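Q:
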Amino acid sequence: MLTTDKMDIIPEKWYNIIPDLPEPLSPPRDNNRDSSSIDLLNRIIPKEVLRQEFTVRRFEPIPQEVIEGYEQIGRPTPLIRARNMERALDYGGKIFLKFEGATVTGSHKINTALPQAYYAKNEGIGSVVTETGAGQWGTATALASSLYGMKSKIFMVRTSYDQKPLRKQIMSLYGADVSASPSSETEFGRRILSSDPRHLGTLGIAISEAVEYALKNDARYMLGSVMNSVVTHQSVIGLETRKQLEIAGEYPDAMIGCVGGGSNFSGFTFPFIPDGDDIEYIASTAEEVPKFTHGTYKYDFIDTAGILPSLRMYSLGADFVPPGIYAGGLRYHGAAPTLSMLIKLGKIRAEDVSQAEVIDALRFFANHQGIVAAPESGHAIASAMRYANLHRTEKKTIVVNISGHGLMDMKIFDGEK
Ligand SMILES: Cc1ncc(COP(=O)(O)O)c(C=O)c1O
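If you want our numbering, it's the 1-based position in the sequence shown plus 33.
Following this line, the structure appears as structure tokens:
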């Protein structure tokens, strides 16, 4: 049994936006390689997760064990009025922060790792595998699988593996077996390394390695972002935010979050989309990975090897190798099809922020709110600061999702002022 106040805020159902989209969502497309890539999903993804991936039901009940799990990992996460930031920016309106960095693994990623691990365990699975960029998703997977008594294997993009040794350590502490990707442990990794032994790695390559590993070792593949089921699980962020704002007697004029594959932003904003057009939504991405401003809206591969099906989404191409920015979680070439559609239709505005602006924003935020935010979340903070500066006198209520803390990403400040 949860304590009453938490019970009131943690939702009992996740929200799935599919039936509320302005247009039907284009289905995943088979790549017609050696075997059907759609059939392949049946082999590597827990059945219940796959059912949720294709459901058109608006609400999915959250299993009681998962609700209790959410409480154990720190849900509901706080909604904080950022009064210091408002004062420092001389902003006339209100700024609220939904702080996903308050979960025990330090980001929103645990919101979907928990239910996926729970469903895998219920199906009698002994081990799971996934990729990770900055390490936040790998950390969440490592903890969730350990909580349900399963082994975990993580392919971590090499550039982050080298930049963030503490992340590797915490994953190992939670019992995961972590390899830098591209690795020599898979055929695909070996192929990449033979043409470039110093390859920085990408999420697309790491996904291909994880899927190959799942197929060869009868492990289940954990989905970190992009897919509908993940976005549905992440709706816990937006549903809690709505209740917390209601308690405070507030409603957003603008909602701002960062986008890698799109899961924290979509989970945060989608529960508000059916309300109508009163809220401005701003999806903040890395200027170095400008998928919405310079990418194409098309069918493209999820992973670089094209093992998984293609999705209709904004993409820079599955073989795009982004610079090694600190916001490793934003280095993905594509974005969730649901979010891509809403951006294409102009319901959500995307904007790019450079690493230099992000570092300034993170520094400002740490100095005024005390939170060392993740480099990924720094994009949302920078966009919120831009917005506050533009709307200084209009008293708009800005709600920002801070997707994670950056206590293991301090290297971003090396050599700074
Ligand atoms: C803290 C944090 N924020 C944001 C992201 C971006 O992912 P998504 O767009 O799926 O939320 C990541 C991904 O690793 C992350 O670790």
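The beta-carbon is built from N, C-alpha and C at its ideal position, and this holds for glycine as well. Bear in mind that the values here come from a model prediction, so they are computed numbers and not experimental data.
Specify, as a first and last residue, the run of the alpha helix (DSSP H) that A421 falls within.
A: Looking up residue 421 in the sequence shown gives position 388. Unbroken alpha helix (DSSP H) run through A421: P408 to L423.
Q: Between the C-alpha atoms of H424 and E119, what's the straight-line distance to the nearest angstrom?
A: Translated into positions along the sequence shown, residue 424 becomes position 391. Translated into positions along the sequence shown, residue 119 becomes position 86. When rounded, the distance between both Cα atoms is 12 Å.
Q: Can you tell me where the beta strand (DSSP E) holding G290 begins and where it ends?
A: Here residue 290 refers to the residue found at position 257 of the sequence shown. Note, G290: beta strand (DSSP E), A287 to C291.
Q: Check this for me: beta carbons of L344 and G328, under 7 Å apart or not?
A: What you label residue 344 is simply residue 311 of the sequence shown in a count that begins at 1. What you label residue 328 is simply residue 295 of the sequence shown in a count that begins at 1. G328 sits away from L344, with the two beta carbons spaced by 7 Å or more.
Q: Look up M118 in the DSSP assignment and say whether it is helix, strand or coil.
A: Translated into the one-based positions of the sequence shown, residue 118 becomes position 85. DSSP places M118 in helix when its eight states are reduced to three.
Q: Just to confirm, does S436 get its C-beta within under 6 Å of one of the non-hydrogen atoms of ligand 1?
A: Walking along the sequence shown from the start, residue 436 turns up at place 403. Indeed, a heavy atom of ligand 1 lies less than 6 Å from the Cβ.
Q: With a cut-off of 8 Å, do at least 3 Cβ pairs link the stretch 331–339 to the stretch 387–404?
A: no
Q: So, are the CB atoms of T174 and S185 less than 7 Å apart?
A: Sequence index remark: in the sequence shown, residue 174 carries index 141 (1-based). Sequence index remark: in the sequence shown, residue 185 carries index 152 (1-based). Yes, these two residues count as a Cβ contact at 7 Å.
Q: DSSP state of G271, grouped into three classes?
A: Against the sequence shown, residue 271 aligns to sequence position 238. Note: G271 maps to helix in three-state DSSP.
Q: Give the straight-line distance between the Cα atoms of E98 and A252, rounded to the nearest whole angstrom.
A: For the purposes of this step, residue 98 is taken as the residue at position 65 of the sequence shown. For the purposes of this step, residue 252 is taken as the residue at position 219 of the sequence shown. Each residue's alpha carbon lies about 23 Å from the other.
Q: Which residue marks the beginning of the beta strand (DSSP E) containing N434, and which one marks its end?
A: Mapped onto the sequence shown, residue 434 falls at position 401. Its beta strand (DSSP E) spans residues T430 to I435.
Q: Determine the DSSP secondary structure at I143, reduced to helix, strand or coil.
A: Translated into the one-based positions of the sequence shown, residue 143 becomes position 110. In the structure shown, I143 sits in a helix (DSSP, three-state: H, G or I).
Q: Please state the DSSP three-state secondary structure of K444.
A: As a working note, residue 444 is residue 411 in the sequence shown. In this structure, K444 counts as helix in the three-state DSSP scheme.
Q: Could you check which residue in P148, R91 and G282 has the C-alpha nearest to that of R114?
A: Locating residue 114 in the sequence shown gives position 81, where the first residue counts as 1. When only C-alpha atoms are compared, the closest one is G282.
Q: On the three-state DSSP scale, how would you describe K249?
A: Here the question's residue 249 lines up with position 216 in the sequence shown. Residue state, collapsed to three classes: helix.
Q: Pull up the distance between the alpha-carbon of I187 and that of A167, whole angstroms please.
A: Along the sequence shown, read from residue 1 onward, the residue named residue 187 stands at position 154. Along the sequence shown, read from residue 1 onward, the residue named residue 167 stands at position 134. Cα-Cα distance, rounded: 12 Å.
Q: Ignore the nearest five residues each way along the sequence and tell me which others in K197's own chain have a CB closer than 7 Å to its CB.
A: For the purposes of this step, residue 197 is taken as the residue at position 164 of the sequence shown. Once the five neighbours on either side are set aside, the close Cβ partners of K197 are A167, G168, M441 and D442.
Q: Just how far apart, CA to CA, sit I407 and A360?
A: Counting from 1 along the sequence shown, the entry for residue 407 is found at position 374. Counting from 1 along the sequence shown, the entry for residue 360 is found at position 327. The amino acid at residue 407 is misidentified as Ile; the sequence shows Ala. So the alpha carbons of these two residues sit roughly 8 Å apart.
Q: Among P355, V244, G367 and N75, which residue has its Cα nearest to the Cα of Y347?
A: In the sequence shown, the residue the question calls residue 347 occupies position 314. Sorting P355, V244, G367 and N75 by C-alpha distance to the C-alpha of Y347 places G367 at the top.
Q: Within 10 Å of its beta-carbon, does I280 have 16 or more other beta-carbons around it, so buried, or fewer, so exposed?
A: In the sequence shown, the residue the question calls residue 280 occupies position 247. Result: exposed.
Q: Can you check whether the CB of T138 is closer than 7 Å to the CB of S241?
A: The count along the sequence shown starts at 1 and reaches residue 241 at position 208. The count along the sequence shown starts at 1 and reaches residue 138 at position 105. In this structure, T138 does not lie closer than 7 Å to S241 by Cβ.
Q: For A281, is the beta carbon positioned less than 6 Å from some heavy atom of ligand 1?
A: Taking the first residue of the sequence shown as position 1, residue 281 is located at position 248. A281 Cβ: outside cutoff for every heavy atom of ligand 1.
Q: May I ask you to report which of helix, strand or coil DSSP gives F353?
A: Numbered from 1 along the sequence shown, position 320 holds the residue referred to as residue 353. In the three-state scheme derived from DSSP, where H, G and I count as helix and E and B as strand, F353 is classed as coil.
Q: I'd like to know if the stretch 262–277 and the stretch 293–300 are in contact, where contact means that at least 3 CB-CB pairs between them fall below 8 Å.
A: yes
Q: Ends of the beta strand (DSSP E) at K80?
A: Along the sequence shown, read from residue 1 onward, the residue named residue 80 stands at position 47. K80 -> not in any beta strand (DSSP E); alpha helix (DSSP H) instead, spanning K80 to F87.
Q: Flag this pair as yes or no: are the beta carbons of L112 and K131 separated by less than 7 Å?
A: Here residue 112 corresponds to residue number 79 of the sequence shown, with the count starting at 1. Here residue 131 corresponds to residue number 98 of the sequence shown, with the count starting at 1. Contact flag set, yes.
Q: Quick check: is any heavy atom of ligand 1 less than 6 Å from the C-beta of V386?
A: Taking the sequence shown and counting its residues from 1, one reaches residue 386 at position 353. Every heavy atom of ligand 1 is 6 Å or more from the Cβ of V386, so no.
Q: How far does the alpha helix (DSSP H) with R231 in it extend, from its first residue to its last?
A: Along the sequence shown, read from residue 1 onward, the residue named residue 231 stands at position 198. Premise fails: R231 is in no alpha helix (DSSP H) and is neither H nor E.
Q: Between the C-alpha atoms of I225 and P215, what's the straight-line distance to the nearest angstrom?
A: Counting from 1 along the sequence shown, the entry for residue 225 is found at position 192. Counting from 1 along the sequence shown, the entry for residue 215 is found at position 182. Each residue's CA atom was taken as its position, placing I225 and P215 some 7 Å apart.
Q: Which residue from Y314, L272, G271 and T318 puts its Cα closest to that of S291?
A: The residue you call residue 291 lines up with position 258 of the sequence shown. The residue you asked about is not Ser; residue 291 is Cys in the sequence shown. With distances taken between Cα atoms, C291 lies closest to T318.
Q: Excluding sequence positions up to five away, which residues of its chain have a Cβ less than 8 Å from the Cβ of I358?
A: The sequence position of residue 358 within the sequence shown is 325, counting from 1. Excluding sequence neighbours, I358 sits near A319, E321, V322, R364, Q388 and P408.
Q: At which residues does the alpha helix (DSSP H) containing M260 begin and terminate?
A: Locating residue 260 in the sequence shown gives position 227, where the first residue counts as 1. Premise fails: M260 is in no alpha helix (DSSP H) and is neither H nor E.
Q: Would you call the CB atoms of E273 and I42 closer than 7 Å?
A: Residue numbering aside, residue 273 sits at position 240 when the sequence shown is read from its first letter. Residue numbering aside, residue 42 sits at position 9 when the sequence shown is read from its first letter. Contact flag set, yes.
Q: Could you tell me the alpha carbon to alpha carbon distance between F129 and H438, rounded to whole angstroms?
A: For the purposes of this step, residue 129 is identified with residue 96 of the sequence shown, where counting begins at 1. For the purposes of this step, residue 438 is identified with residue 405 of the sequence shown, where counting begins at 1. Rounded to the nearest angstrom, the two C-alpha atoms are 16 Å apart.
Q: Rounded to whole angstroms, what is the Cα-Cα separation between I50 and N434?
A: Here residue 50 corresponds to residue number 17 of the sequence shown, with the count starting at 1. Here residue 434 corresponds to residue number 401 of the sequence shown, with the count starting at 1. Taking the straight line joining both Cα atoms gives about 19 Å.
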